[in-house]
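Those protein sequences? They're chains A, B, C and D, same order as listed.
The first sequence finishes on residue 336 if you use the numbering used here, and the numbering steps up by one all the way, no holes.
The second sequence finishes on residue 438 if you use the numbering used here, and the numbering steps up by one all the way, no holes.
The third sequence finishes on residue 337 if you use the numbering used here, and the numbering steps up by one all the way, no holes.
The fourth sequence finishes on residue 525 if you use the numbering used here, and the numbering steps up by one all the way, no holes.
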Amino acid sequence: DSTSDGGPKDDASTGSSSGPVTLKDGSQVKLALIPGGAHPYFQPWKATAEVDKADFKLGDVTFNETGEWDQGKQNNVINSLAAQGYNAFGIFGVSPTDINSTFEDLKAKGFAVGSLASCPAGDTNSADFCLSTDVEAAAYKAAKATIEAIGGEGAIVHLTGNNVDSNTQRRIAGVKKAVAETNGKVTELPVITDIDKDLSTAQKAVADLLASKGKDIKGIVTTAYNPAVAAADGVASSKLPIKVVAIDDDAKILSGIKSGGVAATVTQNPVGQAYVGGWLLALLQSKQCTMKTPGVVVDSGSFVVTKDNVDTYDDERKAKTKELETEFAKQLSCQ
Amino acid sequence: MSAPVSSTATEALREDTPVEKPPRGTPWWANQRVGLLLLVVLLSALFGVLRPAFFNQQLVVFPLLRDIAMFTVVGLAQLCVLSIGHMNLAVGRMAAFSMMITGISYDLWHFTLYSGLLVGLVAGTAIGALAGWVIARTGVNSFVVTLALDFLLLGMIPLVYTSLTENAAFVTKPPGMRELRNFSLADVCIGNVCGSPAVPQLAIFAVIAMAVVGWIYARTRLGRELLMTGSSVRAAELSGIPTARRVIIAHAMSGCLAALAGFMLAVSTGSIKATIGEEFMLPSFLGPILGGTLLAGGFVSIWGTLLGTALTTVIRKGLDLLGVGLESLNIYLGLILLAALSTDRIRTLLSDRQAVASSSPPPPPKAAGSQEGER
Amino acid sequence: MKRFVRSTEMTLLVIGLVFFVGLVIASGGDLLAANSIRVLLQFLAVPVLIGLAQMVVLAVGQLNLAVGAIGGFAAAAMGVLMADHGVPVPLALLIGFLLAGAAGLLNGVLVVLTRINGFIVTLATMTILLGVQYRLVGTRTVDAYPQGLKTFGSAALFGVVPWIFVVALIVAALLALLLKRTVPGRQLLASGGNPIAARLSGISNDRSVIVAHALSGAILGVAAILTVASSPGVNKSIGGDWLLPSFAAPIIGGALLTGGSAVVLGTVLAAFIVRFVDTARAEFSLEPSWVNFVVGAVVLGSVVLGQVRARRQERRAVVKAPDAAVAGGVS
Amino acid sequence: MTLFEASEIVKVFPGVRALDGVTLTLEAGSVHALLGENGAGKSTLIKVITGLYRPDGGRLLMDGREMSFGSPHESAAAGIGVVHQERNLIPGFTVGENILLQKLPTSRGLVDRAAIRSEAARWLAELELDIDPDQPVTELSVAQAQLVEIAKALSVESRVLLLDEPTASITPNEAALLFRVVEKLKDDGRAILFVSHKLEEVFQICDTVTVLRDGASVLSGGALADLTRDEVVDLMVGRVHEALSLPERAVDTAVPPILELRGVGTASGHADVDLSVRPGEIVGLYGLVGAGRSELAKALLGLDRITAGEVRVRGEAVKIRTVRDALRNHKIGYVTENRKEEGVFLEQPITRNIAVTIWDRLRKVLGYVPAKVETAMVTSYVEQLGIRIASPSQLAGTLSGGNQQKISLAKWLAAQTEILIIDEPTVGIDVRTKDAFHTLIWDLAANGLAILLITSDLPEMITLADRVVVMRDHRIRGELPNNHDYDQMSQQVIRLIHAEGTTAA
Ligand SMILES: Nc1ncnc2c1ncn2[C@@H]1O[C@H](COP(=O)(O)OP(=O)(O)OP(=O)(O)O)[C@@H](O)[C@H]1O
Ligand SMILES: Nc1ncnc2c1ncn2[C@@H]1O[C@H](COP(=O)(O)OP(=O)(O)OP(=O)(O)O)[C@@H](O)[C@H]1O
Ligand SMILES: [Mg+2]
Ligand SMILES: [Mg+2]
């Protein structure tokens, strides 16, 4: 099974305190968690949604991933759910440049909306809040981890996803920043984008990279799922002394960390996003609280996992989740 | 108009051969459009009964109609090239290309909403005409040319976006765009009478497109010549139709409509980005073909395109509402599609069987006559 | 021989060689290293097969939009059988292969039974199979299958020629033999070349259509096996990028969309050329977008060139050849 | 000895009884003619015999034994070879493979190429054909292809050979070759069924005859020797058929030619073509298939490049670039020889098929074409040409060949052309319709149209033309005034065709 992080039961204990603000009545809240499409990253949301329901006694929760990475389809899904009575939405917007329009529509109809796991592009966030990994910071951390793994010197290369996505642009910036801080000791080869569509594309790109530039590369930092899997595998089979830093904590990647094939991975906090997001949305929708500054952006945290902390990183993450609740409590004005 | 044939010859020609009758008109229930309409209505009723929310004006009907409108325009874009027996595999990418130009016009040149649209339509027309020109000049199959063009644009568009924008999207919204996205006919009033809040204003674009395309194909010389070209290029060429020009025009129309669909998508999702139109290809074929437009060319149906599009969109929406998860969604979609297509076939067969009794001569064997034989 | 010199295959061979030599020079000879050649060939196996899978349906004037879906679904089935149900490798691969063949067969049968255009039928089956693939693996990447298979997937003859590439070549050779030298193969091409004449000669076009689709499915089954063997795991993205290359290879290879042409060698050579573009991209660290751009330009260029050549050979055709309905065949 | 018998065959298609109790008997060592007007059911009978269609009634007997053929395969195995009316070769295949397609020789599961070569060569030799079995069929001439089809029919070791209009698209010389082959096969004791609309041929080579009318046999197995041509025609037509009599028509030679070619050469190889047509004149352009007549016509229309000489229309040198140009600016029309592919739009209504040339004239604001005016215009031509239709919106493909041909002609009349090039107007068209066509063409000329008539049908040429121009190998070989005497004219024309070098008339 690939969803190896915490799992719902563990998190239930984390959340049982219900944070500093306790939801009075969640029974009118029907919560929908909507990822952009099917992706391993979101799988913890599914279980966490159920935990939200139990912990906060919500009217109903649902998890719907039928958006298929298409903003139009996702909008349809959202509208359908709204029509069926769901009134609090935690959404990962497919298109960061479009999602504000969707948020505005929902807000106009009186729903509570949270932007989860990704924030809208640009400086405005039309949702009530955004709880997401700061992708630039995460990429920065990943690059740092890579630089550390290669001993602070040499060439690294960054593999990532859809070039025409503002989050990708942020990731590229994050890596560049880390490289720039080494004052030229570490150099970065041209970024390889658009290889997250499917595993074989990623695999081929990695193999070609290793064949043509393998000797010059000391480290690979990946900020998308398929390239991460492919890079770990490709480097292992090429037997080149290249350090790979992956993303997320899919079972495959964790086993890579344990076996040493993957130097580090940067995990994010999907459970925290879904749990805290659900709690917040319920508070907002039940009109118990309002945001002091609507549209506030909060980093849900990113964690570098290496062989050393592979067994314990989840505790760190749970602590962060707790911290998030207190942090948000400050942003709320409640009755 | 003086007749070049004398009355004696006319007499001589008027032999006593029997009148050659066409095959008996197909019964009303075998008409594809009627079948589709029934199917759409029945399915809507079914979904409505299962989930009353299906008739929620703001949250279901409004976006549903907006989608139908947009995909109808997409279907019309394909229909224009189908009419000459061609295909346009680059519909989506043509939309992306035109919207890129529109986006530039908004972002860099600060155009108004409609002048930007106009620039996009021109760009779409131009790229479509280019495809048509290559096809007409080389005689290479349209499938190949538009596939290659698709690859080309697929490569080119992201390069432009990354070099021109920060977020890989043009986010400047000219005034009016937001309103266009959300306004319905309820916002259009004549005196005290306002339209329905369930009908999006965007749908007007589709209505205009349908009217214009319908007019062209039903009433004008251009439309007829396109259909004749689709029926048989060689006969068309030898009848004095400038087929090369018609090919270019059909593709240009396709590009123009693709641009319009791209605009509708951009307005309804929010921004102009490189991935616009990525999901256009399949619906572009489904709508017209379910509606009875021939892949081989020579016959188009505008209403059929609307109905075909409506059918697929309604099914998807219904499944959404029924809460069908991703594990089953595509399976059901595919199965319903196959079933819808097969019932159409069954209807045709049944009506053929009815015709056996009558004494009219048979229809000519279709192009692929080989497959039509007895065994 | 003379015919060969003027053929598409010859042109492709020359283009391919020039391209390759250019790349070798650009890489300062690195490309000739055993490992580089191995990587080059490793990722040719599947493109060759998917090109052939499309070519064989094009040969009867049909097309198969479900190439990626059939391959992905079969790969997912194999992965799940081995990883979740502990089915022994050979059996799992066999089942996956048969499933792919059956899916192809189903396409053919549906086309013949319903008389719906193949374009639409395969579109529908594609949608269904994508759903099934997702239902099988969800968002996981399944990789818990025996090491032996993976070893096969990455092993190479003399460390240079990957076994999976050898398998692809064997399939290509068998397909060529089938189409050129066996009665069913000839009948299939006859149906594609002139369906009416074929029927009058007692050939069942229906059977040809079914055979072609089933063959296409079977070839995709092999492609799925090679994918499972050679990739880090199986997930829902497998097959997602097969559709366009599946058309590019046979079309560059000289296949007629109207049917009747068997261009196995051309398809293989075209796959090589597309692969060289990939390699060039890595060599020059270009954005992947360039690959699409170049492939688009190459396809367009080669068809236009081919057309010019055909024109020169056949000056007599006065009226332009009709743009035949691609998906024709059955409507 | 009766080899084969079909008795009381019934075949029903949706809406038609194509065969209604047809009986046909084929004797060994004899050539049997199967006659009937278009649509009488000749081809359908052949398809029933070869197992392509399953009959709805009746029996098939081979050597007195009842047979039931499920597919062409089975009939071939029983020794029935057939040359269908439709062209029947697979383009990508070699001559050898095409000949043996029905039972490709194999060895160890693989197609045996050597066997194909030798066996095909055997059948080609039997027909005295000098064709390489390894040649692709796409390189064959029309006549060669036709003969290869006959080799294909023989290759199933056929004792019964069915030939469905084998001479429709070949010249008399090639037909003569074919007939020699038929004689030979007949002497070998095969039974041959011969379908043709050319009665001269039928009387030349057939022994017995069956006549079909509207799917029923009105004469089954009569000896041809006992019948006259007129009797046969009457049987086919179902009433007394009057021989064609055309009124007097004189060409005013004082009028200058409206179309004139001077030393024209084209990209497809014509050289030094001189030709002229006056208003009211019918100039016959005769030649063997492939002589380049249709190509010349197409070059005149701008579909092929003219490389030398000049074309003068109404006394002015012109350059015609497209068919549209020819039509609009010079009032030249071309009725193609290839009706189904180039002449009519089978899937389009009759209105559009005829109006296609006049939309230009009808169009109003924004290209709008008023449907009423269009239909009225079209209907007037439908009436004048006696095109028998149920409604103007009927699809052209539902009409018979003759009526389709009339439509193909009508669009040029509607366009009010003054120069009309008519290419093989009566190929595959039955006697009665043919007569109607001849009257029509004659009448058009009498009304002042200049007509260039391309035909391979010598009787037709001699009936209609005022002058006969003979073309061979893309060059004019001579010109003859026509005295309408068949025997004399045909001799002169054939002599011209085979003359060495160029002779001027
Ligand atoms: N496959 C078919 N389906 C339906 N009707 C058919 C079919 N084939 C032939 N017919 C009809 O059967 C009748 C006989 O046609 P057939 O082709 O046998 O005539 P024919 O005598 O060969 O004419 P021709 O001299 O023009 O070749 C016609 O009315 C024709 O339209
Ligand atoms: N149906 C055909 N298939 C293949 N080749 C053809 C065909 N018709 C003509 N050709 C070729 O085209 C060239 C010129 O033909 P063209 O049609 O101009 O001759 P034509 O004198 O008009 O003969 P036809 O009596 O067939 O009209 C020849 O080389 C001939 O072999
Ligand atoms: Mg016939
Ligand atoms: Mg000709």
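Using N, Cα and C, we set each Cβ at its ideal position, and we do this for glycine too.
Listed by chain order, chain C residues near A/Ser196 by CB distance under 9 Å: Residue numbering aside, residue 196 of chain A sits at position 195 when the first sequence is read from its first letter. The sequence shown places Ile at residue 196 of chain A, rather than the Ser named in the question. Those are Pro294, listed as they occur along chain C.
Terminal residues of the continuous alpha helix (DSSP H) containing B/Cys319? The sequence position of residue 319 of chain B within the second sequence is 256, counting from 1. Note, B/Cys319: alpha helix (DSSP H), Thr306 to Thr332.
Got a sec: does ligand 3 put a non-hydrogen atom nearer than 8 Å to the Cβ of D/Gln105? Locating residue 105 of chain D in the fourth sequence gives position 85, counting from the first residue. Yes; taking the cut-off as 8 Å, the Cβ of D/Gln105 has a heavy atom of ligand 3 nearer than that.
Report the three-state DSSP secondary structure of D/Pro501 (helix, strand or coil). Position 481 of the fourth sequence, counted from the start, is the residue given in the question as residue 501 of chain D. Correct three-state label for D/Pro501: strand.
Please list the residues of the region 44-68 of chain C that have a C-beta atom closer than 7 Å to any C-beta atom in chain D, keeping them in chain order. none
Can you check which of these residues, B/Leu384, B/Arg410, B/Gly397 and B/Thr356, is closest to B/Ser146 by C-alpha distance? The residue given as residue 146 of chain B occupies position 83 in the second sequence. With distances taken between Cα atoms, B/Ser146 lies closest to B/Thr356.
Interface residues of chain D around B/Thr57 at Cβ under 7 Å? Since the displayed chain B opens at 64 and closes at 438, residue 57 of chain B lies outside it and no answer follows.
Drop a sphere of 10 angstroms on the beta-carbon of B/Met327, count the other beta-carbons inside from all chains shown, and report buried for 16 or more, exposed for fewer. The residue given as residue 327 of chain B occupies position 264 in the second sequence. Classification of B/Met327: buried, given that the 10 Å Cβ count is 16 or more.
Residue ranges of each alpha helix (DSSP H) within the region 48-113 of chain C, 4 or longer: 51-64 and 73-91
Residue range of the beta strand (DSSP E) that A/Phe64 falls in? Position 63 of the first sequence, counted from the start, is the residue given in the question as residue 64 of chain A. A/Phe64 -> beta strand (DSSP E) spans Asp61 to Phe64.
If you draw a straight line from the C-alpha of A/Ala128 to the C-alpha of A/Gly261, how long is it? For the purposes of this step, residue 128 of chain A is taken as residue 127 along the first sequence, with counting starting at 1. For the purposes of this step, residue 261 of chain A is taken as residue 260 along the first sequence, with counting starting at 1. Approximately 41 Å, taken between the alpha carbons.
Taking 6 Å as the limit between beta carbons, can you name the residues of its chain near B/Gly381, skipping five residues before and five after? Here residue 381 of chain B corresponds to residue number 318 of the second sequence, with the count starting at 1. The answer, listed in chain order, is Phe110.
Please classify B/Gly286: does DSSP put it in a helix, a strand, or coil? Residue numbering aside, residue 286 of chain B sits at position 223 when the second sequence is read from its first letter. The answer is helix: DSSP assigns B/Gly286 an H, G or I state.
Could you tell me which chain B residues have their CB closer than 7 Å to the CB of A/Asp99, listed as they occur along the chain? Taking the first sequence and counting its residues from 1, the one referred to as residue 99 of chain A is at position 98. Simply Thr332, Gly333 and Ser334.
Expressed to the nearest angstrom, what Euclidean distance is found between the alpha-carbon atoms of D/Gly304 and D/Arg487? The residue given as residue 304 of chain D occupies position 284 in the fourth sequence. The residue given as residue 487 of chain D occupies position 467 in the fourth sequence. About 6 Å.
Give a yes or no on whether 9 Å exceeds the smallest Cβ distance from B/Val208 to chain D. For the purposes of this step, residue 208 of chain B is taken as the residue at position 145 of the second sequence. No - not a single Cβ of chain D is within 9 Å of the one on B/Val208.
Figure out for me which residue from C/Leu50, C/Leu116 and C/Phe158 has the closest Cα to the Cα of B/Ser405. For the purposes of this step, residue 405 of chain B is taken as residue 342 along the second sequence, with counting starting at 1. Selected option, being the one with the closest Cα: C/Leu116.
Output yes if chain B places a C-beta closer than 9 Å to the C-beta of C/Ala130; else output no. Reading the third sequence from its first residue, position 124 is the one you call residue 130 of chain C. Yes - at least one Cβ of chain B is within 9 Å of the one on C/Ala130.
Cβ-heavy atom distance between D/Val68 and ligand 3 below 8 Å? Indexing the fourth sequence from 1 puts residue 68 of chain D at position 48. Result no, Cβ not under 8 Å from ligand 3.
Can you give the beta carbon distance from A/Gln170 to B/Glu229, rounded, assuming they're within the 8 Å contact cut? Here residue 170 of chain A is taken as the residue at index 169 of the first sequence, counted from 1. Here residue 229 of chain B is taken as the residue at index 166 of the second sequence, counted from 1. The Cβ separation is near 7 Å, so the contact holds.
Please check if any C-beta of chain B sits within less than 9 Å of the C-beta of C/Gly102. On the third sequence, residue 102 of chain C is found 96 positions in, with the first residue counted as 1. Chain B, which has no Cβ nearer than 9 Å to the Cβ of C/Gly102, makes this no.
Using beta carbons (cut-off 9 Å, strictly below), is B/Gly303 in contact with chain D? Residue 303 of chain B sits at position 240 when you count from the first residue of the second sequence. So, interface residue.
Pop quiz: B/Pro305 and D/Arg341 are said to be a contact at Cβ under 8 Å. What is the actual Cβ separation, rounded to whole angstroms? Locating residue 305 of chain B in the second sequence gives position 242, where the first residue counts as 1. Locating residue 341 of chain D in the fourth sequence gives position 321, where the first residue counts as 1. Actually they are not in contact, since the Cβ atoms of B/Pro305 and D/Arg341 sit about 10 Å apart, beyond 8 Å.
Rounded to whole angstroms, what is the Cα-Cα separation between C/Pro78 and A/Leu281? Counted from its first residue, the third sequence places residue 78 of chain C at position 72. Counted from its first residue, the first sequence places residue 281 of chain A at position 280. In the sequence as displayed, the identity of residue 78 of chain C is Gly instead of Pro. Each residue's alpha carbon lies about 40 Å from the other.
Nearest to B/Ala274 by alpha carbon, out of B/Ala132, B/Thr411 and B/Leu100? For the purposes of this step, residue 274 of chain B is taken as residue 211 along the second sequence, with counting starting at 1. The candidate whose alpha carbon is nearest that of B/Ala274 is B/Ala132.
Fully enclosed by the region 232-304 of chain D, which alpha helix (DSSP H) runs are 4 residues long or longer? 249-257
Per DSSP, cross-strand counterpart(s) of D/Tyr306: Residue 306 of chain D sits at position 286 when you count from the first residue of the fourth sequence. D/Tyr306 is bridged to D/Thr475 and D/Val490.
Counting only beta-carbon atoms, is B/Arg156 nearer than 9 Å to chain D? Taking the second sequence and counting its residues from 1, one reaches residue 156 of chain B at position 93. Not one chain D Cβ lies under 9 Å of B/Arg156.
Can you find the residues in the same chain that come closer than 6 Å, C-beta to C-beta, to D/Ala53, ignoring five residues on each side of it along the sequence? If you number the fourth sequence from 1, residue 53 of chain D lands on position 33. Cβ within range, chain order: Phe214, Val222, Cys226 and Val229.
Quick one: is A/Asn270 buried, meaning 16 or more other Cβ sit within 10 Å of its Cβ, or exposed? Counting from 1 along the first sequence, the entry for residue 270 of chain A is found at position 269. The residue in question, A/Asn270, is buried, as its Cβ has 16 or more Cβ neighbours within 10 Å.
Against chain B: residues of the region 54-84 of chain A by CB proximity under 8 Å: Thr63, Asn65, Glu66, Thr67, Glu69, Asp71, Gln72, Gly73, Lys74, Asn76, Asn77, Val78, Asn80, Ser81, Ala83 and Ala84
What did DSSP end up calling C/Gly159 once you bin it into helix, strand or coil? Sequence index remark: in the third sequence, residue 159 of chain C carries index 153 (1-based). DSSP places C/Gly159 in helix when its eight states are reduced to three.
Cβ neighbour criterion (16 or more within 10 Å) applied to B/Val123: Position 60 of the second sequence, counted from the start, is the residue given in the question as residue 123 of chain B. Per the 10 Å Cβ criterion, buried.
Using a Cβ-Cβ distance cut-off of 9 Å, determine whether A/Thr169 contacts chain B. As a working mapping, residue 169 of chain A is identified with position 168 in the first sequence. Taking Cβ atoms only, chain B reaches closer than 9 Å to A/Thr169, which makes this a yes.
For D/Glu528, is the beta carbon positioned less than 8 Å from some heavy atom of ligand 1? The requested residue 528 of chain D is not part of the displayed model; chain D covers only 21 to 525.
For the candidate residues A/Lys178, A/Val78, A/Ser239 and A/Val192, whose alpha-carbon lies nearest to that of B/Thr225? Along the second sequence, one-based indexing puts residue 225 of chain B at 162. Of A/Lys178, A/Val78, A/Ser239 and A/Val192, the residue nearest in Cα terms is A/Val192.
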